[in-house]
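First comes the structure, then the notes that go with it.
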């Protein structure tokens, strides 16, 4: 950045300085209503109801809450064919995974099947995603096992544990539906992608280690190598399918195939008599009601509420993200808050009928999508298939070895370790990588709850640090223009003699006003030191470019007043460039505009510099009123 | 905003589009070091050590930690005269206030005197403020009474309670000194001015109600009216002194005068035998050591730690704010982190010698300042006066009626209710007013801790909401210029046919990327609807003005990629204007620059619009490579 060859770029004669407008005053109620709307209804969900007849509004309203009423009348045989194939495919995944994840949550295996029957039916009526396949997820199952396990031992007191799981699911559903109804869905946005990548990988690591211990502990099993090879084949197929949809059918069917193969093997070799643990008897019949089992007594209830809150948020984050990404892919629109109501309702209803926490797992939804599903009808088909299984096929699982379930879990888990995403985070954004690793390390070395808290805390810290330590830049003139930009980004800019131009890159709030006051003083000190050492013109003007200052609070306006006092005392003139609407409003109300003088606020840095230069070369600052007043042609 | 009279302003021929620079790559370590420095050493405290000899560095280092070494050699008789007057004045305030606040904390009155002896001596050596007068404060006293009182009853177990107070003070000091040493002082910035106004007023309300109850409960006291009139006179004098420094001497002496007057009255009328409670015997002698009394056993220790943390932060916030404001007024510089070390050390040492939590109270420092203090020597004078009192004058307080102490407390408290500041908050910034009222209501209706938590939570919520729900604006052209500004703030701007210009007013982070994606789609929908209804040229370009986007994370870059996909699908061209250094770096690393094409990124909105217009009038978007490439002359 050289200042020797600085030539002040002249503006055209007709381009005089423009006046910075104070936005037209708005009644408090109106602006309050506007910001409420932007906070809670950013997607304007009621837009389609505008200018409609009452009957039409009623129908639209029904369709809004039950999207099935919208797509069912247009449902065709073509769609049914596609959904039938997709539904049977995901059912073949849902049955073994359901049983496996229930084991992971320390719940009876049959609960996993129950959970694939009622919730998909509810979702098919209320959900607006066409691709989401409902089911339980590994991470929530693990969280339930860990959090409820602290209070109640699942082996010693299985029925209390089970009832607590239903209660936790009930509260999770209640939370999810309330978040949606209160339009607070943006809370799940605070679980960033980086958090989820680290968290899932951590959970997967824990689960794999757990399951491996189980597998390696099989001393009495004579034929263990074949089981491990089954596991390996399942693993490689499922894992690689993520990148090669060609093998999709194999991977989709692999879990069911291994269950059948494993069960046959045990049945034929009678391995269950040689120490191989099998599922054993599963009760025939559909979901029994469980709303009588809810535990609302101390101290269990608080554990259930806590578990419900945390698992509910995690499950919701996955479900909403899955719904959104497939909607984006197929170009239809999803209302996040409505999805939350649907997911919440299916959990509330599910918890009343012996289901535990369900959501839209990524893996199952991807299979659904790849199998060509068209509507939520594929969930209905899956539910029917599961119903059929519950009614007639449960005896077939008697001989299914537990080790196959472990293999299924591990296969699903290894797919969750997305190291490529972690590498991407490291390359693009180191802070996101720290968040991701924080979640991973927290989960692996402390617990699933601690990992979540660490990751969210680091993420929030980043937002707070952005505000608490905003960047400030010195701006310089881009040659042959009236444009001023950051001298670090544009090293060939020229500085303007006697003028220090600073850009502030964040809103001015209580959290940064002390910092900014000191930082601005330091910039001025440094500039004066530099000028003194080179013997150049002394500093006369300090221009603050406010373009990036989105808002200011009362601490911020006090800070500006103090900066004004400091510059006045040092014989410098403070100039503001391009304060935005919100900032101008506050500066006006706090009387800072009167204090600085509206003539010292310019629309662009270029105009501010021109005015300073004009005065610098014709007179000393603050000489007469006429000269300091810019012409206003706006 | 009309579009009919839009004339595209032509640029001078030599002003072609400028290229947006990707900042020169910096080694990771260097940029990491820079951001660490800005976070922890924003005031560059080691600047004065640069280019000095080792001996000089050593002396400077000693002076850095013990500022007394710097000012004592230059100390003059002139200064001593001024400090003597100021010191005696604040001592006359410190003695009655010390006794009163100790009562407020449910501690023996003598502890209040002890606390005005040791800590001021430590501060005089280590503190860098010339005006801060050390003493106990009402809010911390109240917090100690409330938080320790939950664990131990002060009447039933006074010695344990006392020892817990010392322990809490020790931990408070430890926290304060550590925050300073670790350069984490910015944490107190999160207690905004609005929080403090509401919090102090709430604490004052509670204390007044408490004291009033005590005063009104004096059934047996025959001469109560005179006491109330004393109280009223004290109150009016102290309260008005804030605005009228003329009556300053009266207000500074009023507490001592009322103590003397009240004690005399009781002594002469023997009122203590008619039910008027008096202080009673105070032990003669200096502070006994108390470091053997610290309680490090469960469950008391955790209470002491918690109390220490909260009271420590509150006291620190007051001390640092007081130091800063007087330094600003007298034009000298204060290092907040160094002040914290000084305040922390004086509390650690104090807690070892029977003192409870001290800081620099605003009221006492203001009296110090108004009495003309020159250096921290006034604190030494005060300490000597208190020492003299402890050694010889304690019997004089035997007859001091407790009701006078209540009056002194109430007088100080009513001065804390700064309703004018609350009105200012309401006028300038509604959100700050909500924070203030949150603190007030929380303190008055729940507890001193709850109030603090509510206020800090609302303040943080505001920061998070700023990021989670950033404002987006449509920009329009200011007539006869190439400047583009918010159409709400500048209603006479013209829109550009076929081009939608959006400004994003916050960093693009995980917390807002979903929102921004939906909001941008909605802006495009609304613009297309509007164009359709008026039959104007269809939308062809969407320009995102990134000037105010200070940073972007990986969720943000994914969001931009999705927006790019959406606009591509709708046949629109996405153009970026003026992305900053940090944003360009991330966009480059995440390959988004390759995706959008560097030719679609312009330095200013004006240049972007010119390029779009050029293409709009000569060809369809994306026709040939040559035409889409701007000339780069930077």
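Protein chains in written order, with UniProt numbering: chain A, 1 to 634; chain B, 1 to 634.
Ideal placement from N, C-alpha and C gives every residue a C-beta, glycine not left out.
All of these numbers come straight from a predicted model, not from anything done at the bench.
Listed as beta-bridge partners of residue 545(A) by DSSP are 503(A) and 577(A). In the structure shown, residue 484(B) falls within a strand segment according to DSSP collapsed to helix, strand and coil. Excluding five sequence positions before and after residue 369(B), the CB atoms of its chain that fall closer than 7 Å to its own CB belong to 131 and 326, given in chain order. Comparing alpha-carbon positions, the option among 364(A), 289(A), 594(A) and 282(A) lying closest to residue 319(A) turns out to be 364(A). Residue 500(B) sits close to residue 527(B), with the two beta carbons spaced by under 8 Å. Cβ neighbours of residue 503(A) within its own chain (closer than 6 Å, five residues either side excluded): 473, 475 and 545.
When the five nearest sequence neighbours on each side are left out, no beta carbon in the same chain lies closer than 6 Å to the beta carbon of residue 264(A).
If you ignore the 5 residues before and after residue 383(A), its C-beta comes within less than 6 Å of the C-beta of 117, 120 and 121, all in its own chain and listed in chain order. Using a Cβ distance threshold of 8 Å, residue 323(B) and residue 360(B) count as a contacting pair. In chain order, 569 make up the part of chain A whose C-beta sits under 8 Å from the C-beta of residue 331(B).
In the structure shown, residue 474(A) adopts extended strand secondary structure according to DSSP, grouped into three states. Apart from sequence neighbours up to five positions away, the residues of its chain that approach residue 555(A) with a beta-carbon distance below 6 Å are 510 and 513, ordered along the chain.
Short of 7 Å from the beta carbon of residue 601(A), and not among the five residues preceding or following it, lie these beta carbons of its own chain, in chain order: 20, 576 and 579.
The beta carbon of residue 447(A) lies closer than 8 Å to those of 146 in the same chain, with the five residues before and after it left out. For residue 426(A), the enclosing alpha helix (DSSP H) has its first and last residue at 419–428. Contact annotation: the stretch 456–466 of chain B touches the stretch 454–473 of chain A, with at least three C-beta pairs closer than 8 Å.
Identification of residues in the stretch 430–464 of chain B having a C-beta nearer than 8 Å to some C-beta of chain A yields 430, 431, 432, 459, 460, 462, 463 and 464, given in sequence order.
Listed by position along chain B, the residues whose Cβ is nearer than 8 Å to that of residue 425(A) are 554. The Cβ of residue 467(B) sits closer than 8 Å to at least one Cβ of chain A.
Close partners of residue 522(B) in chain A (Cβ separation under 9 Å): 42, 43, 44 and 47.
If the five residues before and after residue 49(B) are omitted, its C-beta is found closer than 7 Å to the C-beta atoms of 57 and 60, all from its own chain and listed in chain order. Contact of residue 342(A) with chain B by beta-carbon distance below 8 Å is absent, the smallest such distance being about 18 Å. Judged by DSSP in its simplified three-state form, residue 602(A) adopts strand. Nearest C-alpha to residue 338(A) among 603(A), 186(A) and 103(A): 186(A).
Residue 176(B): member of the alpha helix (DSSP H) spanning 158–181, first to last residue. Residue 102(A) places its beta carbon 8 Å or farther from that of residue 88(A). Residue range 510–534 is occupied by the alpha helix (DSSP H) that includes residue 525(B).
Within a 10 Å sphere around the beta-carbon of residue 610(A) sit 16 or more other beta-carbons, which makes this residue buried. Of all residues in the stretch 347–363 of chain A, none comes within less than 7 Å of chain B when Cβ atoms are compared.
Within chain A, 554, 557, 586, 589 and 590 have C-beta atoms less than 7 Å from the C-beta of residue 428(B), given in sequence order.
Within the stretch 138–155 of chain A, contact with chain B at the beta-carbon level (separation under 8 Å) is assigned to no residue.
Around the CB of residue 419(B), fewer than 16 other CB atoms lie within 10 Å, so the residue is classed as exposed. One alpha carbon belongs to residue 129(B), the other to residue 598(B), and they sit about 54 Å apart. CA-to-CA, the gap between residue 335(B) and residue 45(B) works out to about 8 Å. In this structure the stretch 76–95 of chain A does not touch the stretch 341–349 of chain A; the number of beta carbon pairs closer than 8 Å is below three. Among the residues of the stretch 538–552 of chain B, those with a Cβ less than 7 Å away from any Cβ of chain A are 547, 548, 550 and 551, in the order of the chain.
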